[in-house]
Every structure is written in C-alpha cells, then in structure tokens.
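What follows is a single structure, written as structure tokens, with notes after it.
Residue numbers (full-length UniProt numbering): 1 to 173.
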C-alpha cells in the first residue's frame with residue numbers, strides 16, 4: 001500500500017477514528033527540517049508530512065508529531081533519528097532512524113521496547129488504524145508480538161556510545 005492510499009483511508013475514517021489532521025507542511029518546512037535535523041526524510045515520511053503536518057487522535061492523545069515540534073526537541077537525538085509519534089503527552093514515543101547513506105532505508109522503533117517494528121511508515125499507520133494504541137492489532141499489541149519473536153535490537157544513543165568507548169579505553173581494547 002502506498003502512503004497516499006493510507007492517508008485516503010485515514011481521511012475517510014477520521015471521524016470514526018477520532019482523528020484531527022493538521023494542515024499540510026509546506027515543502028520549505030520540510031527543507032528546513034532536513035537541514036536542522038541533518039537528515040533527508042524518507043519518501044513515505046515526506047509524503048505523510050506533505051499531506052498533513054501530523055495528526056492527533058482522541059484515543060490516549062496519540063499524535064503524529066508536527067515537524068516544528070520535532071525540531072524543538074532536536075538536541076535529544078543523534079543524527080538521523082527523531083521521534084515522530086507519541087501518546088499521552090510523551091509517555092511513550094516512536095522514533096524513526098534513517099540510514100545516512102540511503103534515506104529511504106529507515107526503521108521505526110518504540111522508545112520503550114527498543115526493537116525494530118517496521119521499515120515502513122505505512123505499516124505503522126496500518127496498525128494504528130486497525131487497533132489504535134492498545135486494541136488487538138494496534139501498536140502495543142503488535143510490538144508485544146514482535147518482542148516475543150524478534151531478537152532485541154540495541155539502539156546506540158550518544159550516551160551509550162560514549163560509555164562503550166570509555167569502557168573499551170579502560171580495558172585497553
């Protein structure tokens with residue numbers, strides 16, 4: 001399924017899903033985002049933000065975060081990584097990690113689970129549309145099933161990388 005098809009589904013079911021779409025991001029805003037964040041947005045992500053600069057849902061205050069808000073928090077991330085979705089006022093977040101060599105090669109992770117959920121924003125949104133955050137087939141249900149069947153992926157954030165470097169230095173590797 002293409003992002004345009006997914007956004008058509010969300011738009012046609014927005015009342016049923018309790019979703020309010022934000023106005024589209026201007027191409028200029030995407031350009032500014034890419035410069036400030038030091039990352040080129042994957043095509044699926046770019047397509048979403050050109051359609052709507054995020055959205056909010058009545059269910060648990062789930063949101064796709066607007067680009068401006070992501071940029072405000074840019075110091076929290078390593079290059080190529082940013083939160084794009086959250087619920088309950090940042091109680092839980094989902095982030096995108098983009099391969100610097102290939103912007104269309106990216107992964108979506110839950111900050112609490114630290115496992116790769118998908119390499120497709122469309123797939124992520126399909127789970128949200130199917131079961132919201134907590135219902136069967138929704139985001140948390142999907143994550144828990146993946147956690148049982150997937151080897152955990154360690155996400156190296158800047159603090160972890162620094163600690164590893166210090167440890168290696170102490171061990172003289």
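We treat Cβ as the ideally placed atom computed from N, Cα and C, and that holds for glycine.
- When C-beta atoms of the stretch 76-96 are compared with those of the stretch 34-49, three or more pairs fall below 8 Å, so the two segments count as touching.
- The residue among 1, 93 and 146 with its C-alpha nearest the C-alpha of residue 112 is 93.
- Restricting attention to 78, 54 and 61, the CA atom closest to the CA of residue 68 is found in 54.
- Scanning the stretch 18-97 for uninterrupted beta strand (DSSP E) segments of 3 residues or longer gives 19-21, 55-57 and 81-87, listed from N- to C-terminal end.
- Secondary structure of residue 10 (DSSP, three-state): helix.
- Counting C-beta pairs with one atom in each stretch, the stretch 65-80 and the stretch 113-133 have fewer than three that are closer than 8 Å, which means they do not touch.
- Rounded to whole angstroms, residue 96 and residue 80 show a C-alpha spacing of 8 Å.
- Collapsing the DSSP output to three states places residue 115 in coil.
- Straight through space, the alpha carbons of residue 59 and residue 88 are spaced by roughly 9 Å.
- For residue 107, the enclosing beta strand (DSSP E) starts and ends at 102-110.
- The continuous alpha helix (DSSP H) containing residue 131 extends over residues 121-131.
- Here residue 42 is actually not in contact with residue 141; their C-beta atoms are around 25 Å apart, not less than 8 Å.
- Between residue 146 and residue 115, the beta carbon gap of about 6 Å places them in contact (Cβ cut-off 8 Å).
- Short of 8 Å from the beta carbon of residue 30, and not among the five residues preceding or following it, lie these beta carbons of its own chain, in chain order: 41, 46, 49, 50 and 67.
- As DSSP reads the structure, residue 141 sits in no beta bridge.
- For the set 149, 135, 144 and 124, the Cα lying nearest the Cα of residue 44 is the one of 124.
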